[in-house]
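Here's the structure we're looking at; comments come further down.
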Amino acid sequence: MKEPRNDSTRRRFLRTVAGGTVVGTTALAGCSGESDTTPAATTEEDGSGSTTESGDGTEASAGGAGEALPTYTYLNNPANYNAARHDAINLIGERLNQLGLDVGVEVFEWGTLYERATQEFDFGFTTWSRGLGLYPGTRMPEQFHSSNTDPGQGNFTGYTNEDLDPVLMNQLQEGDRSARVDMLHEIQSVINEDVPMHPIVQMPNPLAFNNNQVSNWTEHLVGFYHMEPQTNVEVTADHGELRGSWSETLGTLNVLGYNNETKLIHQFEMLYDKLVRNNSNLEPDADLSLATSWESPDETTVRYQIREGHTWHDGEDVTPEDVKFTLDYIKENQVPLYATQWEMYDSVEVDGQWVQVNFSNPVGPVHQTFSNQIPIVPQHIWSERSDPTNVSVTEPVGSGPLMFDYWDQGSELSLVRNDDHWNTVNYDRRIWRIIPESSTVWSLLLDGTLNYLPFTRIGKQLSDNQSEDQITVLAPPGDGWWHLSQNTRQGGLDDPVVRRAAVHSIPKQVINEQLLYGFATQGWNLVGESFGDYSNPEVPKYQEENGVEVGRGLMEEAGYTFDDDGMAHFPE
Amino acid sequence: MAMLEVEDLKVYYDTAEGAVKAVDGVSFEIEEGENLGIVGESGCGKSTLAKALIGILPQNGYIAGGEIRFRGEDLTEAPERRRRELRWDEISMIAQSAMNALDPVYTIRQQILEAIEAHHNWSRTKSQERIDEMFDLVGLDRERQTDYPHQFSGGMRQRAMIAMSLVLEPSLILADEPTTALDVIMQDQILKRINEIQEASSASMMVITHDVAVVAETCDRVVVMYAGEIAEEGPAAAIFDEPYHPYTLGLKSAFPNIREADQDLVSIGGHPPDLHDPPTGCRFAERCPMATEVCSREDPPEVEVGGLRSYCHHVDDIDTQLRPVADRAETWQNTDAADDRGLADD
Amino acid sequence: MSQKHERSIFADVEEYESDEEFSAWRRNLRLWRSTLSEQWRLLTDDSLVVAAMAILGGFILLAFVAPVVAPHDPLERMYTESGLIAKWIEPSFLGGEGDFLLGTTAQGYDIFSQLVYGARPALLVGFVAAVMTVGIGTMVGLTAGYYGGYVDDFLMRLVDFVYGLPLLPTVIVLVTVLGAGLDSIILAFVLLQWRTSARVIRALVLSLRERAFVKAARVSGASNWRILSRHIAPNVLPMAFLYGAFAIAWAILTEAGVSFLGLGDPNSVSWGVMLQGARVYSAMTEGTWWWFVPPGVCIALVVISGFLIGRGYEEIVNPELQVEQ
Amino acid sequence: MGKLNFFVRRTAQLVVTLWAVATALFMLFRLMPGDPTSYIVSPQMTPEVRQRIIESYGLNDPLWVQYLRYIENLATLDLGRSFNTNSEVSEILATYLPNTLVLMLSAFVLAYAVGVTLGVLTGWYRGSRFEKSTVVTALVGRSIPSFWVGILVIWVFGATFGVIPLSGMTSIGTEPEGFVDMVTSLDFLHHLVAPMLVLAFYYMGYPLLIMRNSMLETLSEDFIDICRAKGLSERAIMFRHAARNAMLPVLTAAAIAVGFAIGGSVLIETVFGWPGIGREMIRAVMRRDYPVAQGTFLVLALSVVLMNFVADLLYGVLDPRVTYE
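Chains as they are written, first to last, in UniProt numbering: chain A, 1 to 572; chain B, 1 to 346; chain C, 1 to 325; chain D, 1 to 325.
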């Protein structure tokens, strides 16, 4: 199917983050959903015009003059899914009621909640975690583009703004960084004004570790699982092992057949190499990358020079052919997890030690959206496998700094140091233990049986235990935030004034200080300060102490009235 | 010295409402080779007596007084070990209903063998020969030793029971209602068989029954019990031909007499007293057609009369007052509540 | 000793039954009253049963007067004087600030109030589920046992099938289908648990059917309905009560287990939900026993009361178990 | 002939029951809220990818085709693939089932051994203080939510005294040496003790009470008197005769007990972090991983049905009166 170039590009970026969000997040862990950073499956849609405007964003104003505003549902996740967020939503719900909106908080299992929000649009307010990844513009079209408001498409708030649409698209193809920054700033200020979606708090990447055994953790925007912190960390315990834990079983070790779950990203990050990785300054860094250098002869071509003398865990050489194989293989087999990526290029060529990727459209931040995403797999193993997503992999062979040791399904995974890696780790072995009870996890961390807890849950335990001598807690800012999204299709919420009033009412300080024990930072902008100059400092903040009154004032100014029960009515 | 001497035996049961005096001061003797019958209504304590003799009272039952001397040895004082040695080896029993007296999950052979092994260290062959012998003796097919109880008919089971009770050649066999559960023809066969065997061996036997006919047929001497006490005791012939206790008279009239056809059957009105708190005086007084005021005041004296030992205030008047009318049903209907509540066998 | 229930408890009614329905019914009533009071007397003879009844009665009372006893709404967030959420507060008797008898939860809810209100869903689940399971079980058992033949075959195969389903896993799956909540849990429980009473009552009916008084009624031309309702059902009732008592216990345990796994109604308060909350917020590591010990104790008390009453009643209904004399 | 006939008929019944369970499960999962495809297929996948995934799960066929294929696959033990991880369900079962079996069977055997023995003793020593306290303890064991006991045990013995491991089946960093080696290792036994005892405590009451009641009935039988009259020792009577006869109902009850046992182990596995099939089932249900949920559930149901079957057969062996009419 031939598509006009621009159109298909636009569609490509409109995809939501794939599988991981829907299926891959865990129900028990509570930390899941915090880190759904990797844009995975995307696509091209059938040509039947589903990208046309649905136009249902503005017609929903049901309430007549003087009538009470309708009742709204605020979707909440169960406490066992994410306790702090559950509490925060209840709290915001209370404030919205005080504001004069008739909001009922209802709890749904995560899958159902997500479906209600993104497929059925059956909600007034909703909140979950959203991660932006390395490049904060990646998800902007998906979230706010006017053409993306159909069920299942990413713009579930139904927000439309024809003026913003081109900006949303162009920033992803713009090669010039400062131009991209300007465009992102514009997006931020517009969205901050219209607030279909607003960050409640910027979430940190929390890490707790036993400082008798581990030291020298360094920060990285995407989290401590990243190769840079993982190779910096030093283990001082006698056993020389890094021992972490997670509440849920891994399920699979198939790097091409998983659902982008954090627990598995954590493993594959160290088992496999990627063409390019970004360091903690968010810059592509050859010291972390399989490619030792790269160049872009034109805006649709990128060439990578593959590291020489590197070997797979089974001793075979890592060659440029392996890279070509990987890229061809995932495209050929349409591996869903990397659909966003394999849709970007047309062909791959090998030229000596160089691999050249020919993209179908100009690519902007290619090392944040492409080169850093695909794990390179060995041809001599995967070429025999015809159905990559369904292969049962029990002993993965990669080329990363950690090698597979054993996998006791349901209990633990052990990875050992790859001494032949150019960037070796400072420990002998890394154990990943499955422990469902978080109370147990903490006991084990305190006594040194475990020595680090990545993605630890923010709560009283984290807060209390950081005062223990042997425990250190780090909580550097991450790429994610809790959003308050408002369904602009619903009467009342179609008015930016009401939406702004609602945003004013969010008790951000209480949520951060009391529910999140101060580990997070109050949200004020879609793109937080952790993204450096991508963040627009000019954006005004909604952070009043007396937010409810301010919100009320806004609404009264716009003609809304309040009855004896304090409930809001449409302007006469 | 008699083989078994029971002296002033008292057996009580503990219950929530207090002690039930099921056997209350009973004395009698059994000579070597003698057949003694114990007769009485349901609940008169005769089964309890048997259980006490062999030492298998239920948990809440206990011997409250008296002595049981077996060949001079007081069993009530003997240690449990000794008593267990005597069981079956010296005193065995034929249970009321063989239907339930055999363990359903073991073969007949296993159960007999178990009795042997509990007391003797016989070789397999010797045990087997003995079991074969017993099966022949009671008229059962040797081949069927390995059958389970449920594969036997009622009569066969009772024979097997008898075979088992005889296997150790005991000195005393307690037969507790040996034929009650059987039909009339089978009853007759079994009784005959018991008699034959008993004559062949030198064993003594104590037959417990409510059926006067059975006693008359098998026993030398008879003890009649009422409400935990002995009413009358004496040679079988004397007891049945000319009893002196009103209760014996009534009992006799209540059963068909094989020798006197066309006799009306009578039933004694009323029911036995509550043994939690037995009445003073004669316990039969309440139901006795001859009862006078003295009966319910004073314990009846032991009277030797006509070769019998009888416990009654009115032995002297019985010939004139009761004997002539004992066959008439109305004689025994003097109490107003005539319902038989059908108390369960104890 | 092993005196079987040979007589209908209506035996004497039936003997004299005439056309005078009215007096017959009066007799019925009187007989019932005397039977029940007799059973009550036997039941209250057992000190354990009396204790169990007292506990259960206490909880029932508590459920009714919950709003009076509980100082707060169970889902009302508490705030400290300085306006902070009053969470993780220690019990007042341990010197915790504020006036919270058992402290507060991680969400700032008053634990004591939750505990008090928790009696409601527990008893609701217990009694509703018990009545429904035993109701269905009795109907099925009566029908199968009395009519026999294909009806019996079909119903008993159905019971066999339901017996093939492990209780808790099935309830979990059903609750997932029906949606989390108390009603779903009750429904799921009932859908499975009627099997026990159905099987037992069928067996009882089979034996009753062969008893003299039923046969006599049949010979005298009584209709099926009449025999069922007048002769069999009343004799089955004690057994139904018995299984009802056990069903209360099982239902409450099941609700607790399912809620503990997070399938309870998240917008309500029950002891199981409380325990789940304690688990979610890791109250165990915090050592805040006042949060996770009391709900467990309450569940255990109510459940054991059910079992004790059931067992006490069993000893009465089943004479085999009575002390022999 | 009789025995074989019975076996064949019983096997047929087993198959039918399993089929019914499988069918019910199939329908149940189609009733779950939401379109099942929405859980596996990301809405933003290309139509081709999406179609391919849907096809690979066969979710686009008419329901009856799906059903037939489901049954066909079941017959060939093909349970499909996990929606979440793409691994074969049979593989998942092979991984987790042995762990559950070790835990459950050891607890079950222990509970039955102790429960039956105590049942024999309580029946024998009817009315004693020992009897009363044992029965009450057994009732308590059945009444306290097992997961709560587990939590308390972990809190007290694990977190506070440190005598038991807090979680899992082996110590951290233990390389698996094969199932048999693991199960026989000291480390494993150390991990097994706590969950096993908690489970056994929970399971124990059932066989204990049934055995006791059954003993009481047996002890009132005449043959017990005869056994005593035969001069057998107390022990021989108690175990060889009374217990042997009283065993039969306990055996039948074992089948039902397995159903409860599974429920208990589901919760205990979750609390103790035991990598078993129950925990996996909860995970699958919570995450709408239908194939895994179906597979694990079927295995659990199968074990119940199979236990019923085995109990029936064993009954025939243990009770010579059974005739296979």
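Where is the CB? At the ideal position from N, CA and C, for every residue including glycine.
To the nearest angstrom, how far is it from the Cα of MET225 (chain B) to the Cα of LEU191 (chain C)? 60 Å
With a threshold of 7 Å between beta carbons, is residue 350 (chain D) in contact with chain C? Absent from the model: residue 350 (chain D). The displayed extent of chain D is 1 to 325, so no value can be given.
So with Cβ pairs under 7 Å, would you call PRO165 (chain D) a contact of chain C? no
Using the DSSP secondary-structure output, state which residues sit across from SER347 (chain A) in a beta bridge. A:ASN358
To the nearest angstrom, report how far apart TYR135 (chain A) and ILE376 (chain A) are at their CA atoms. Between the C-alpha atoms of TYR135 (chain A) and ILE376 (chain A) there is a straight-line separation of about 21 Å.
Does any residue of chain A have a CB that is nearer than 7 Å to the CB of TYR96 (chain D)? yes
Contact between the region 110 to 127 of chain C and the region 245 to 261 of chain C is defined here as three or more beta-carbon pairs at a separation below 8 Å; is this criterion met? yes
Mind checking the region 298 to 322 of chain D against chain C and listing, in chain order, the residues whose C-beta falls within less than 9 Å of any C-beta there? Within the region 298 to 322 of chain D, the qualifying residues are LEU300, ALA301, LEU302, SER303, VAL304, VAL305 and ASN308.
Less than 7 Å between the beta carbons of TYR452 (chain A) and VAL214 (chain A), yes or no? yes
Taking Cβ positions, are GLY551 (chain A) and HIS504 (chain A) nearer each other than 7 Å? yes
Interface flag, TYR163 (chain C) vs chain A, CB-CB below 7 Å: Closer than 7 Å: no.
Distance, Cα to Cα, PHE189 (chain C) vs VAL171 (chain C)? 6 Å
Do you know offhand how far GLU169 (chain B)'s Cα is from ALA95 (chain B)'s? 17 Å
Counting only the same chain and skipping the five closest in sequence on each side, list residues whose C-beta sits under 8 Å from that of THR311 (chain A). ASP317, VAL318, SER399 and ASP420
Beta-carbon of ASP87 (chain A) versus every beta-carbon of chain C: anything under 7 Å? yes
Restricting to Cα atoms, I'd like to know which of D:PHE297, D:VAL163, D:PHE272 and D:ALA301 is closest to ALA257 (chain D). D:ALA301
What are the start and end residues of the alpha helix (DSSP H) that includes GLU254 (chain B)? Correcting the residue type first, residue 254 (chain B) is Ala in the shown sequence and not Glu. It spans 246 to 254 - the alpha helix (DSSP H) in which ALA254 (chain B) sits, taken as one unbroken run.
Kindly say whether ARG288 (chain D), judged by its beta-carbon, lies nearer than 7 Å to any beta-carbon of chain A. Among the CB atoms of chain A, one or more fall inside 7 Å of the CB of ARG288 (chain D).
GLY306 (chain C) to PRO195 (chain D), Cα distance in whole Å? 26 Å
Inter-residue spacing [alpha-carbon to alpha-carbon] between ILE330 (chain A) and PRO169 (chain C): Each residue's Cα considered, the two are about 39 Å apart.
Of all the options C:HIS231, C:ASN267 and C:LEU174, which has the alpha carbon lying nearest to the alpha carbon of VAL105 (chain A)? C:ASN267
Along the region 170 to 199 of chain C, what residues have a CB closer than 9 Å to any CB found in chain A? For the region 170 to 199 of chain C, which is checked against every Cβ of chain A, the residues closer than 9 Å are THR176, GLY179 and ALA180.
Under 7 Å, Cβ to Cβ, is there at least one residue of chain A near SER89 (chain C)? Going by the sequence as given, residue 89 (chain C) is Ile instead of Ser. No, because no Cβ of chain A sits closer than 7 Å to the Cβ of ILE89 (chain C).
Using the Cβ count rule (16 or more neighbours within 10 Å means buried), how would you classify ASN224 (chain C)? exposed
Going by Cα to Cα distance, which pick from C:GLN107, C:LEU75, C:LEU101 and C:SER92 is closest to LEU84 (chain C)? C:GLN107
Taking its Cβ as the centre, do 16 or more other Cβ atoms sit within 10 Å of ASP428 (chain A), making it buried, or is it exposed? exposed
Local Cβ density within 10 Å of ARG288 (chain D), reported as buried at 16 or more and exposed below that: buried
Cβ-Cβ distance between ASP46 (chain C) and HIS72 (chain C) below 7 Å: No, the Cβ-Cβ distance between ASP46 (chain C) and HIS72 (chain C) is not below 7 Å.
Would you please state the rounded distance, in angstroms, between the beta carbons of PRO246 (chain B) and LEU322 (chain B)? I believe it to be under 8 Å. 6 Å
Taking 7 Å as the threshold (beta carbon to beta carbon), is ILE256 (chain D) in contact with chain A? no
Using 7 Å as the limit for Cβ to Cβ distance, is SER143 (chain D) near chain C? yes
Looking only at its own chain, which residues have a Cβ that is under 6 Å from the Cβ of GLU117 (chain B), when we skip the five neighbours before and after it? The answer is none, since no qualifying residue turns up.
Cβ-Cβ distance between GLU228 (chain A) and GLY364 (chain A) below 7 Å: no
Is there a C-beta anywhere in chain D that falls below 7 Å from the one on PRO104 (chain B)? yes
Whole alpha helix (DSSP H) runs in the region 376 to 413 of chain A with 4 or more residues, listed along the chain? 379 to 382
What does DSSP give as the partner residues of GLN522 (chain A) in its beta bridges? A:VAL201
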